[in-house]
Amino acid sequence: MNILVTGCSRGVGLEICSVLLREGHTVYGVARSYTDEFIALEQQYSGKLFFKSIDLSDSEGARKSVFKEFITNDVVLHGYVNNAAIAYDDIVTNLNLDRLKAMYEVNVFTPMMITKYAIRNMLLHKTKGSIIHISSISVHTGYKGLAMYASSKGALEAFSKDTAREWGPLGIRSNVVVPGFMATAMSASLTEDQRDKIYARTSLKAATSVNSVAETVAFLLSDKACSITGQNVHVDNGTI
Ligand SMILES: NC(=O)c1ccc[n+]([C@@H]2O[C@H](COP(=O)([O-])OP(=O)(O)OC[C@H]3O[C@@H](n4cnc5c(N)ncnc54)[C@H](OP(=O)(O)O)[C@@H]3O)[C@@H](O)[C@H]2O)c1
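Counting with this note's numbering, you get residues 2 to 241 for the letters of the sequence shown.
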């Protein structure tokens, strides 16, 4: 399968690329930075992993940068993993509109535009494709300081549910993976005390495994998940 993965340069996106490559798929990765870790993967899976540096904060330019210059109509797209995101965290009374809009560009508007053109590619090639959005447990449990970020992920969950309904008749599936707290760059600024409080809210009392999230994405992309659509799959160590 040919899979588009955004946010491939590090963290969860890099792990998703790694799992998909191990399974024999071809991966088209997008991020701004071309990291050493990604290059190492490219060397290991020569000819199966491609990269384009794209700033996904430009939703208006996404069609050109992603679909005219990278995933052209010659590429038969089987899957799209919307993983790239930024977290704007602050308390609501400090909300800054420019920062909110900037986050929505990356987390919501560009993924919605990419979904539009990914589905068009699937229609062109009559592919029963699979779309996965990466959400966050903050949508379901609530954390102080994450209201703006969680709202962007909640928008994706609604978008996915209704996309599934709209395109299901043509065999196109859309699902969401909802990770709990993971130890990646995104969460690196948290103090040990903050982390301990987050772990205390999980049944397994630990950070969610990045690999478990990536393996779940790979499963949902595969035919093994052919009857799963419109779902939110929690991979969160049992967060309450
Ligand atoms: N970490 C957590 O605890 C946690 C919990 C729940 C959900 N999540 C979600 O899991 C997903 C992966 O998060 P992570 O922890 O792996 O985050 P991360 O380490 O910060 O990685 C984010 C990825 O997104 C890319 N990205 C960010 N802004 C971009 C832009 N403007 N244009 C293109 N690419 C951009 C980054 O690449 P460049 O910087 O190179 O562009 C990077 O590859 C996200 O959707 C996040 O919201 C994370």
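Using N, Cα and C, we set each Cβ at its ideal position, and we do this for glycine too.
- Apart from sequence neighbours up to five positions away, the residues of its chain that approach Thr111 with a beta-carbon distance below 6 Å are Leu57, Ser60 and Ala63, ordered along the chain.
- Contact annotation: the segment 186 to 198 does not touch the segment 224 to 235, with fewer than three C-beta pairs closer than 8 Å.
- Rounded to whole angstroms, the gap between the alpha carbons of Ile138 and Leu147 is 10 Å.
- The shortest CA-to-CA distance from Val76 to any of Asp91, Phe51, Asn3 and Gln232 is the one to Asn3.
- Exposed is the label assigned to Leu98, since fewer than 16 other Cβ atoms lie within 10 Å of its Cβ.
- By the neighbour-count criterion, in which 16 or more other beta carbons inside 10 Å mark a residue as buried, Arg174 falls on the buried side.
- In this structure, Met114 has its beta carbon at no less than 7 Å from each heavy atom of ligand 1.
- Under the three-state reduction of DSSP output, Thr164 falls in the helix class.
- The three-state secondary structure of Val28, taken from DSSP, is strand.
- Burial is judged here by how many other beta carbons sit within 10 angstroms of a residue's own beta carbon; Thr7 has at least 16 and is buried.
- With contact defined as three or more Cβ pairs closer than 8 Å, the segment 35 to 42 and the segment 76 to 94 are not in contact.
- Under DSSP, Val179 shares a beta bridge with His235.
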